[in-house]
C-alpha cells in the first residue's frame, strides 16, 4: 500500500493528470492512513463513498480526486452534524454548506469529518464526544482549535487539505501549532450559506493547507457571492494565478508578535521576529518599528459569541449542562 501524498494539493492534481498516481490509489492510501493513525483527527469517515468517488474522479477539475477533510462544524448532506457536542450526537445534516458544495463541484473527494472543539468555542480540540485530538509533531501537545482535527489531519499526512472556520483564531491557531498555511479571509469572501444567520459576524470559512498556492486555489474554488448569504462578497478572480505578480519591494511593514496585548513567551517572540525578518528580507520589505497597542475586547467578544451558543443549545439548557465541556457550559451561563 503506497503512502498518502506528502506534497501539496497542486502537485497531487498534477500527479493525477500525468498518471503518476491515481485518485483511487490516493483514496485507498488515505483510508489506510486514517485507520492506522493515533491522532484522533477524524470523527467520521465515509469509506465507501470515498472509494466510489475516487473511481469516477474527473482530474481535469481544480480539485479532481483530491481527498479533503471537512471540519465537523460544516454540514455535509447525510453525514453527522454534531457541532462536536454530545448534545447533538445523533443529528444528521440535510444539506451541504455552500463551501462544501463548491468543493464537490471542483472535484474534491470528501473523506470525512475532522474533529473540533465543542461548538468551535475553544482553542484546543478536546471534547466529551470525541476525546482528545493530538498534534502530529508532539502527541502530548494539542493541535489547537477549533479546527484542530483539520490541522492534525493535514500536518499528519492523512489528507493534503481540510476545511476550517475562524472567528477568534480557529484556523490561525491550529495552523501555527501544526506548521501549516492558515488565513482568516475577509468576512463574506467565502459564503456561509445556504442557511445563513446573523450569528457571530467574526466567523469566516477557509482551509488548513500545506502551501500558499493550495490556499489560493481554495479561494478560487470557494469564494464568490451567494444570494443565500447576503453578507457574501463578489468573487476576486485568479487567486492562484496572481501569486507572485505584485512587486512588494520597498513597501513598509511592521512585525507584531503579540498585537500589543497577547501574552507570549520570550521564545515564541524570538521565533516570530526571526521568521518575520527572514520573510521581509526575502521579498524586499522595509521593516519599521511601530508601537502596536490595541484595546482589549476579550470580554465583549466572548459575550457576543455566547448569544449564538445560547440559541444553539435552546431548550436543552440547563438539563444538558453535564453533557457539555465545562468551558462551554460556562459560556452558556454567561450568554443566559
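Numbering (the numbering used here), first residue to last: -5 to 330.
By construction, the Cβ of each residue, glycine as well, lies at the ideal position given by its N, Cα and C atoms.
Keep in mind the model is a prediction, meaning the values are calculated, not measured.
Proximity below 7 Å, CB of residue i to CB of residue j
i           : j           : result
residue 284 : residue 262 : no
residue 173 : residue 140 : no
residue 154 : residue 3   : yes
residue 23  : residue 56  : no
residue 161 : residue 67  : no
residue 27  : residue 60  : no
residue 143 : residue 167 : no
residue 148 : residue 179 : no
residue 202 : residue 181 : no
residue 64  : residue 25  : no
residue 39  : residue 10  : no
residue 270 : residue 243 : no
residue 310 : residue 81  : yes
residue 331 : residue 124 : Because the chain is modelled from -5 through 330, residue 331 falls outside the range shown and cannot be assessed.
Residue i, buried or exposed, once every other Cβ within 10 Å from all chains shown has been counted against 16
i           : result
residue 259 : exposed
residue 312 : exposed
residue 50  : exposed
residue 240 : exposed
residue 291 : exposed
residue 331 : With the chain represented from -5 up to 330, any question about residue 331 goes unanswered, as that position is not in the structure.
residue 69  : buried
residue 322 : buried
residue 293 : exposed
residue 256 : exposed
residue 177 : buried
residue 265 : exposed
residue 297 : exposed
residue 230 : exposed
residue 286 : exposed
residue 90  : buried
residue 272 : exposed
residue 130 : buried
residue 183 : buried
residue 282 : exposed
residue 12  : exposed
Minimum C-alpha distance to residue i - residue among the options
i           : options            : result
residue 78  : 328, 49, 11, 319   : 319
residue 238 : 246, 207, 254      : 207
residue 105 : 18, 126, 130, 317  : 18
residue 76  : 109, 52, 246       : 109
residue 200 : 145, 325, 74       : 145
residue 214 : 99, 271, 135, 87   : 99
residue 133 : 150, 204, 6        : 150
residue 121 : 228, 224, 34, 43   : 34
residue 86  : 80, 242, 97, 72    : 72
residue 94  : 327, 216, 308      : 216
residue 6   : 135, 96, 127, 205  : 205
residue 43  : 314, 62, 175, 127  : 62
residue 190 : 209, 224, 164, 124 : 224
6 Å CB neighbourhood of residue i in its chain, flanking five on each side removed
i           : result
residue 252 : 258
residue 220 : 92, 185, 187, 226
residue 305 : none
Residues near residue i by beta carbon distance below 8 Å, same chain, minus five either side
i           : result
residue 211 : 3, 4, 56, 57, 233, 234
Beta-carbon contacts of residue i that lie in its chain and below 7 Å, excluding the five residues immediately before and after
i           : result
residue 325 : 115, 300, 303
List in chain order: all unbroken alpha helix (DSSP H) runs of 4+ residues lying wholly within the stretch 229 to 290. 260 to 277
Taking the runs of the alpha helix (DSSP H) that are 4 residues or longer, which of them lie wholly in the stretch 131 to 161? 142 to 149
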